Each structure stands twice: as C-alpha cells, then as structure tokens.
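S.K.: Residue 82 is where the sequence shown starts when you use my numbering, and the numbers rise one by one after that.
We put the beta carbon where it would ideally sit given N, CA and C, even for glycine.
From a predicted model like this one, the values you see are computed outputs, not experimental measurements.
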Amino acid sequence: MPGKFFNKPDQDTAERVPPGQYLATGFPILTYGETPQISTQEWEFKVWGLVTPKTLTWSDFMAMPQQEFTADFHCVTRWSKLDIKWRGVKVTDFMKQVEVNPRAVHVMEHCYGGYTTNIAMADFLREENFFAHTLLDEPLPIDHGGPMRLVVPHIYAWKSAKWINGLEFLEHEDLGFWERNGYHTRGEPWAEERYSD
Ligand SMILES: Nc1nc2c(c(=O)[nH]1)N[C@H]1C(S)=C(S)[C@@H](COP(=O)(O)O)O[C@H]1N2
Ligand SMILES: [Mo]
82 MPGKFFNKPD QDTAERVPPG QYLATGFPIL TYGETPQIST QEWEFKVWGL
132 VTPKTLTWSD FMAMPQQEFT ADFHCVTRWS KLDIKWRGVK VTDFMKQVEV
182 NPRAVHVMEH CYGGYTTNIA MADFLREENF FAHTLLDEPL PIDHGGPMRL
232 VVPHIYAWKS AKWINGLEFL EHEDLGFWER NGYHTRGEPW AEERYSD
C-alpha cells in the first residue's frame, strides 16, 4: 500500500531493493545527536594508526580527481533510496595519497561530533565507495553530512559517515558507535545483517 513517505517498490525497481526495505520518496535525514557545523576553511581530515600519519585540508581533497557518482542508499531502519547523484572523490583515489601498513585489516571512520563506525578494509576499498561533497549539484547540505561524508553503497548507510574527519587504520576489528550498541558489525543489506546476535 503506497504511503505518504514510503512506497513499496514497483516491478522495475523491486530487484534493486534489498529484503525488508521500502523506497523513501524524499531523502530522509538520520542523525544521532547534534549536527556539527564546520566550514571548509577549518575542515581537516586526519589518518592515523597503521598508516603514515597525515593531515589533509579541503584543498588537498579538491586537488584529487573529482567524479560523479550514482548510488543506492539503504538505511537499516528500512528505507532505501535509489540512484542518488553525488560528486566527490573515489576512496581508491584518496588511498593513493596515504601510505597504509599492509597489516591494517580494519578501518575506524571518525567524524566531527564524535560519531564512529567500523568497516573491514575489503569493504572500504571497494571501487564504488566515495567521499561526497556535492549532492544533486549543490554543496552537500549540512544535515546530509556537509561539507564531506563517506558513501559506502553496498553496506547499510550507518557506515556512510557524515561530517567525516578521519580514518584510523587498525590491525584488528574494533567497534564503532552503532556496532557497540547492537548493530551488525558488517551490515550487508542483501543478507539483512541488521543487528548482532
Ligand atoms: N556522523 C554521523 N554519520 C552518520 C550518522 C550519524 O548519526 N552521524 N547516521 C548514519 C545513518 S544511521 C544513516 S541511515 C545515514 C543517513 O544519512 P542521511 O541523513 O544523509 O540520510 O548516515 C549515517 N552517517
Ligand atoms: Mo540508518
């Protein structure tokens, strides 16, 4: 039954919507806690842990190859949105700027405001992942994570960190905010990896 904010997928899109998900008509905002305000001038991005430590500025990111991305987005609270248009920097291009120790198998994403989420290196390094600074041809709105967020389309969106400001490279898995609070450590939507057992 079609609702005001959520629709059952039609036949064309049905096969792109993971089990138990509904299509959102708008682009909902899902934030735990306060929304941090950061200008691009003060924005800084750090890498640490099993990596040569480095601090990157906004202009460092703008100097990397810029690309358009069209990606699906699946929130564990059961809304999905298909074909969102973003612009930003591929994770694999970003990774050419940093020297990671091969012993690193896991990554902790850190954000302004203190949110964290963990991701395995193999899931992080996928070709379709990107840092986004533009949504639908406009600067990424602050509520959607502006000035910069990560987007990991193949995993539930709690791993797509908004206001991202750092990556910690780890030798072992460590749990981020929602993962410590009962969400699944990986969060693959097609397998409905919603909660930890
Ligand atoms: N820093 C931060 N990133 C976050 C969150 C958050 O609360 N803080 N929420 C996550 C969740 S649960 C989802 S579904 C998506 C929502 O992104 P949106 O608000 O742009 O729709 O952001 C993810 N990234
Ligand atoms: Mo979410």
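#1: Could you check the C-alpha separation between I245 and E125 for me, to the nearest Å?
#2: Taking only heavy atoms of ligand 2 into account, decide whether any of them is closer than 7 Å to the Cβ of T158.
#3: Can you list, in chain order, the residues of its chain whose CB lies under 7 Å from that of G194, leaving out five sequence neighbours each side?
#4: Examine the Cβ distances between the region 188–205 and the region 88–108 and report whether three or more of them are shorter than 8 Å.
#5: If you check the beta carbons only, do V132 and V179 fall under 8 Å apart?
#6: Secondary structure at W259, three-state DSSP: helix, strand or coil?
#7: Residues in its own chain within less than 6 Å of F205 by CB, not counting five upstream and five downstream?
#8: Tell me N88's beta-bridge partners as DSSP assigns them.
#9: What residues are listed by DSSP as bridge partners for A152?
M.R.: Straight from the coordinates:
#1: Translated into the one-based positions of the sequence shown, residue 245 becomes position 164. Translated into the one-based positions of the sequence shown, residue 125 becomes position 44. C-alpha separation (whole angstroms): 9 Å.
#2: Start at 1 with the first residue of the sequence shown, and residue 158 comes out as number 77. The answer is yes for T158.
#3: Residue 194 sits at position 113 when you count from the first residue of the sequence shown. The answer, listed in chain order, is G114, E115, P117, W244.
#4: no
#5: Taking the first residue of the sequence shown as position 1, residue 132 is located at position 51. Taking the first residue of the sequence shown as position 1, residue 179 is located at position 98. Contact flag set, yes.
#6: Here residue 259 refers to the residue found at position 178 of the sequence shown. Helix.
#7: As a first step, residue 205 is located in the sequence shown; it is residue number 124 there, counting from the start. Correct list, in chain order: V188.
#8: Within the sequence shown, residue 88 is the residue found at index 7, counting from 1. BP columns for N88 point to L104.
#9: To locate residue 152, count along the sequence shown from 1; it is residue 71. Partner(s): I165.
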